[in-house]
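All residue numbers for the sequence shown refer to my numbering, where the first residue is 260 and numbers rise by one.
C-beta atoms are modelled at their ideal positions from N, C-alpha and C, and glycine is treated no differently.
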Amino acid sequence: TPNEQLTLAGIEVENYFAPEKELANIIARNVARAESEILFMAFSFTEEQIGEAMLGRAEGGVTIRGVFETVGSETEFSYYPLMFGSGLSNVVVRQDGNGRIMHHKVIIIDRETVVLGSFNFSDNANRRNDENILIVHDPTFTSFFVEEFETVWAEAAQ
Numbered sequence: 260t261p262n263e264q265l266t267l268a269g270i271e272v273e274n275y276f277a278p279e280k281e282l283a284n285i286i287a288r289n290v291a292r293a294e295s296e297i298l299f300m301a302f303s304f305t306e307e308q309i310g311e312a313m314l315g316r317a318e319g320g321v322t323i324r325g326v327f328e329t330v331g332s333e334t335e336f337s338y339y340p341l342m343f344g345s346g347l348s349n350v351v352v353r354q355d356g357n358g359r360i361m362h363h364k365v366i367i368i369d370r371e372t373v374v375l376g377s378f379n380f381s382d383n384a385n386r387r388n389d390e391n392i393l394i395v396h397d398p399t400f401t402s403f404f405v406e407e408f409e410t411v412w413a414e415a416a417q
């Protein structure tokens, strides 16, 4: 990718492709910068770098709220059981509550940055699949994803 980082109309945008780049490391670095809140919606979330970066920020006091697609969320590899059972009061996760497959792959950081794309938060996505992510650093753009998160959150099983 000749221009992984660009500025469009004053908005910083990053774009990356796997497996040419290990996207989990890029996402984990962004997660590690969270100062107050991380929101996420995950079709599949088994990737250790991203999961541990989130739990590390939670231990630092950052609020984590996430929705996992129900199918596969309780496997031994999923971060759902780890986060649900973390014992940290600032980590609250739910399983998707609608009758459809929740196919989002979105991480919202401090309501200012959103990570989105085809990339499931998994090792296969990181090393074997053709995947993409965009990282958009703009609170206005991110607000649309916060709105979708709150809708999915409200539908999610508690």
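Taking Cβ to Cβ, would you say residue i is nearer than 8 Å to residue j?
i: Ala-283; j: Gln-308; result: yes
i: Ile-213; j: Ile-286; result: Residue 213 lies beyond the range of the chain shown here (260 to 417); nothing can be said about it.
i: Ser-303; j: Gly-269; result: no
i: Val-405; j: Val-326; result: no
i: Phe-408; j: Leu-298; result: yes
Using DSSP with H/G/I as helix, E/B as strand and the rest coil, what is residue i?
i: Ala-277; result: strand
i: Thr-410; result: helix
i: Gly-325; result: strand
i: Arg-292; result: coil
i: Glu-383; result: According to the sequence provided, residue 383 is Asn. The question's Glu does not apply to it. Three-state DSSP puts Asn-383 in a helix.
i: Met-361; result: coil
i: Asn-284; result: helix
i: Arg-370; result: coil
i: Val-405; result: helix
How close, in whole Å, do the beta carbons of residue i and residue j come, if the pair is a contact with beta carbons under 8 Å?
i: Glu-363; j: Met-300; result: Here the sequence assigns His to residue 363, which means Glu is not the residue at that position. Their Cβ separation, rounded to whole angstroms, is 4 Å, which keeps His-363 and Met-300 in contact under 8 Å.
i: Glu-390; j: Ala-277; result: 4 Å
With a CB to CB cut of under 8 Å and the five nearest residues on each side skipped, what residues in its chain are close to residue i?
i: Ala-416; result: Thr-329, Arg-353, Gln-354, Asp-355, Gly-356
i: Glu-371; result: His-396, Asp-397, Pro-398, Thr-401
i: Gly-320; result: Asn-349
i: Thr-334; result: Thr-305
Spatial neighbours of residue i within its chain, please: C-beta separation below 7 Å, excluding the five flanking residues on both sides.
i: Asp-369; result: Ala-293, Glu-294, Ser-295, Glu-296
i: Phe-343; result: Val-352
When the Cα of residue i is compared with those of the options, which residue comes out closest?
i: Val-290; options: Phe-400, Glu-409, Thr-322, Ala-268; result: Thr-322
i: Asn-379; options: Lys-280, Asn-388, Leu-267, Thr-372; result: Asn-388
i: Gly-310; options: Glu-409, Glu-333, Thr-260, Ser-337; result: Ser-337
i: Arg-359; options: Phe-276, Glu-414, Glu-281; result: Glu-414
i: Ser-381; options: Leu-267, Ala-277, Glu-306; result: Glu-306
i: Asn-383; options: Glu-273, Leu-267, Glu-281; result: Glu-281
Establish whether the CB of residue i and some CB of chain B are separated by less than 8 Å.
i: Gly-344; result: The displayed structure is made up of one protein chain only, and chain B is not part of it.
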